[in-house]
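1 is the number of the first residue of the sequence shown in the UniProt record's numbering; add one for each residue after it. The block underneath contains the structure these notes are about, expressed in structure tokens.
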Amino acid sequence: MAIQQETPVTGQSPQPPRVALRLLVVVALLVVAGGGLWLLTVATTPAPGPTAADIPALQVKPAPVQVGAAAPANVGSEPAAQASTTGQETAEAWLNRVAAASDIPARALRAYANADLTLRKVTPTCHLSWTMLAGIGRIESNHGRFGGAQLAADGTETKAIIGVPLDGSTGIENITDTDHGSLDGDPVHDRAVGPMQFLPGTWRNWASDGNGDGKADPQNIDDAAVTAGRYLCAGGRDLGTGQGWWAGVMSYNNSVEYGQKVFAVAEAAAKASTGR
């Protein structure tokens, strides 16, 4: 992952757009086949992550928001059973509409929403929103589409997404191998892996089975999204606050510009989901 230079931040934080705080249709498409969730127990808060190149996000304009000043609009979810009794659109219709409006592949959107629901049950005080995961997924791998990869029906990449070797080259952090190449194929230096770009050591500590198949695979978007959610929520963070949201995103990638880009994508996804 290449080191980024932090961009000086100017101006004041914009007011979050007024978006609906509840969607009554999301949960029907959230629970992936098999159910279940396997988590590794980790009690410590992750240290700030190394900054990383976000080549898939070169066309994302950073939001003009100051660190800690605000969090993107949090679009939540409600039990899907209400949709059939309130006349709301079906879950599948929501999935297709939001995917088209936001340029988030439907399979990735399903995984982000599933992780949202999972973390609302596991860590309800965290207030994770699927839009934050969508922002990170866009920056890290263009929602699993980087380098010609695609998400298969089961959520696994059709070709593995593996970052550059962290070999200490110009602008790149030096991280020697920690997994004997088992995840990244590199026995000399670590590389970030999967659609959410986890370092092998981070994955080892936070790996989660998001689709109930009994294993945790960083190249599977369901597993990677739930793992990212747990990592972001660590240490009792409240991602619904400006301070908590920024602490989470900066732990993922310690770059102001990175956080501003995630913020911009999250805000756009929230607007797309409400048709505004």
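No residue lacks a Cβ here, since even glycine has one placed at the ideal position from N, Cα and C. As the structure is a prediction and not an experimental result, all values here were calculated from the model.
- Within 10 angstroms of the beta-carbon of P124 lie fewer than 16 other beta-carbons, which makes it exposed.
- Take the alpha-carbon of I104 and the one of D217: they are about 21 Å apart.
- When rounded, the separation of the alpha-carbon atoms in G236 and C126 is 7 Å.
- Ranked by how close their Cα comes to the Cα of N114, the residues V226, E173, A134, Q150 have V226 in first place.
- Only residues of its own chain outside the window of five on either side were considered, and among them A272 have a CB closer than 6 Å to the CB of A101, listed in chain order.
- Leaving aside the five residues that flank D179 on each side, the residues in its chain whose CB is nearer than 8 Å to its CB run, in chain order, D190, P200, G201, R204.
- Contact between G144 and A108 holds: CB atoms are separated by about 6 Å, below the 8 Å threshold.
- Between A63 and E267, the CB-CB gap stays under 8 Å.
- About 5 Å separates the CB atoms of Q219 and A160; that is less than 8 Å, so the two are in contact.
- Residue range 242 to 252 is occupied by the alpha helix (DSSP H) that includes V249.
- At a Cβ-Cβ threshold of 8 Å, Q260 and V65 count as neighbours.
- Secondary structure of D217 (DSSP, three-state): coil.
- The C-beta separation of L183 from I175 comes to about 13 Å, leaving the pair out of contact by the 8 Å criterion.
- DSSP, reduced to helix, strand and coil, places L166 outside both helices and strands of the structure shown, so it counts as coil.
- Ranked by Cα distance from V193, the first of E157, A73, G242, T118 is E157.
- Taking F146 as reference, the option from V164, Y231, M132 with the minimal CA-CA separation is V164.
- At a Cβ-Cβ threshold of 8 Å, L133 and G244 do not count as neighbours.
- At the C-beta level, A247 and V60 stay beyond 8 Å of one another.
- Only exposed fits Q150, as fewer than 16 other CB atoms lie within 10 angstroms of its CB.
- In the DSSP assignment, L183 is bridged to no other residue.
- If you keep only unbroken alpha helix (DSSP H) runs of at least 4 residues inside the UniProt domain "Transglycosylase SLT" (192 to 236), you get 200 to 206, 221 to 233.
- Selection A93, P72, V122 evaluated against R110 yields A93 as nearest (Cα-Cα).
- Runs of the beta strand (DSSP E) spanning 3 or more residues and lying entirely within the stretch 70 to 158 do not occur at all.
- Judged by DSSP secondary structure, T274 falls within the alpha helix (DSSP H) whose first and last residues are 256 to 274.
- Here the C-alpha atom of E89 lies approximately 51 Å from the C-alpha atom of G168.
- Taking C-beta separations shorter than 7 Å and ignoring five residues to either side along the sequence, the partners of I136 in its chain run M196, A228, Y252, V262, following chain order.
- Taking all protein chains in view, the Cβ of P72 is crowded by 16 or more other Cβ atoms within 10 Å, so the residue is classified as buried.
- In the three-state scheme derived from DSSP, where H, G and I count as helix and E and B as strand, T176 is classed as strand.
- By the C-beta density criterion, G210 is buried, having at least 16 other C-beta atoms within 10 angstroms.
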